[in-house]
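Written as structure tokens, this is what we have:
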């Protein structure tokens with residue numbers, strides 16, 4: 001009896017091994033996130049927007065800094081003529097003003113970082129949602145990210161869909177911008 005059960009078990013095992021198991025291919029790809037953010041038009045526009053803001057706001061502060069530098073240069077030549085008491089008083093004023101200008105520069109930098117950070121977070125969130133929808137639409141089981149925050153150590157180039165994602169995102173962004181322009185034109 002034991003021999004017949006063993007033979008039966010071996011026969012079943014042999015037959016089951018003989019059947020070719022259907023293996024569904026798992027479709028995977030990766031996106032180079034560094035490249036994506038360099039080439040995505042909305043990200044470029046956002047970077048340009050804050051660069052322009054920094055330059056505009058920085059010009060005002062730069063003019064004030066230049067006035068301060070001029071005053072500081074004049075201070076040295078006037079210090080001997082006006083005496084030590086005047087020089088100490090004026091020196092303290094200049095030091096206080098220099099400190100205030102430093103604080104203003106720091107505050108401006110923090111303000112711009114905070115504003116751009118919020119918009120960048122929103123942009124990244126939108127990109128993630130887009131990639132998720134893109135993956136579902138194209139039948140991907142996994143889409144990995146590479147770049148600055150690498151979550152994949154190796155992938156064959158044939159699985160790189162970065163250019164497809166960039167093109168699709170840029171097309172979507174351009175369509176949205178065109179729609180906004182149409183709405184603005186209709187309101188006029």
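Numbering (this note's numbering), first residue to last: 1 to 188.
Note that CB positions come from ideal geometry on N, CA and C, so glycine has one too.
Quick caveat, the model's predicted, so the values are computed rather than measured.
task = Could you tell me whether the segment 161-180 touches the segment 36-53, using the rule of 3 or more Cβ pairs below 8 Å?
result = Short answer: they touch.
C-beta contact flag for residue 33 and residue 141 at 8 Å = Contact: no.
task = Would you identify the three-state DSSP class for residue 143, choosing helix, strand or coil?
result = Note: residue 143 maps to strand in three-state DSSP.
message = Less than 8 Å between the beta carbons of residue 135 and residue 35, yes or no?
response = It is not a contact, given that the beta carbons lie outside the stated cut-off.
ask   = Helix, strand or coil: which one does DSSP assign to residue 26?
value = Three-state result, residue 26: coil.
ask   = residue 122 to residue 143, Cα distance in whole Å?
value = Cα-Cα distance, rounded: 20 Å.
beta-carbon residue 160 near the ligand FMN non-hydrogen atom, thresh 7 Å = What this structure holds is no ligand at all, so the ligand FMN is not there to describe.
request  = Ignore the nearest five residues each way along the sequence and tell me which others in residue 64's own chain have a CB closer than 7 Å to its CB.
outcome  = Around residue 64: 101.
inquiry  = Could you compute how far the alpha carbon of residue 84 sits from the alpha carbon of residue 95?
reply    = A direct Cα-Cα distance of roughly 16 Å separates residue 84 from residue 95.
task = Report the residue from 111, 178 and 82 whose alpha carbon sits nearest the alpha carbon of residue 53.
result = For residue 53, the closest alpha carbon among the candidates 111, 178 and 82 is that of 111.
task = Express the C-alpha separation of residue 168 and residue 43 in angstroms, rounding to a whole number.
result = Between the alpha carbons of residue 43 and residue 168 lies a gap of roughly 14 Å.
message = Are the CB atoms of residue 31 and residue 145 within a distance shorter than 8 Å?
response = Closer than 8 Å, so yes.
request  = Grab the span of the alpha helix (DSSP H) containing residue 103 for me, first residue to last.
outcome  = Counting along the chain, the unbroken alpha helix (DSSP H) around residue 103 starts and ends at 84-138.
key: Segment limits, alpha helix (DSSP H) that includes residue 243   = The structure shown has nothing for residue 243, since the chain only spans 1 to 188.
ask   = Mapping DSSP to helix, strand and coil, what is residue 148?
value = Here residue 148 sits in coil by DSSP.
query = Going straight from the alpha carbon of residue 19 to that of residue 124, what length do you get?
reply = In this prediction, residue 19 scores a pLDDT of 49, lower than 50, which makes its location untrustworthy; the coordinate-derived value is nonetheless stated afterwards. Computed Cα separation, rounded: 47 Å.
Rounded separation between residue 116 and residue 46 - CA only = Taking the straight line from one Cα to the other gives about 8 Å.
inquiry  = Please report the straight-line C-alpha distance between residue 176 and residue 185, rounded to a whole angstrom.
reply    = Each residue's alpha carbon lies about 14 Å from the other.
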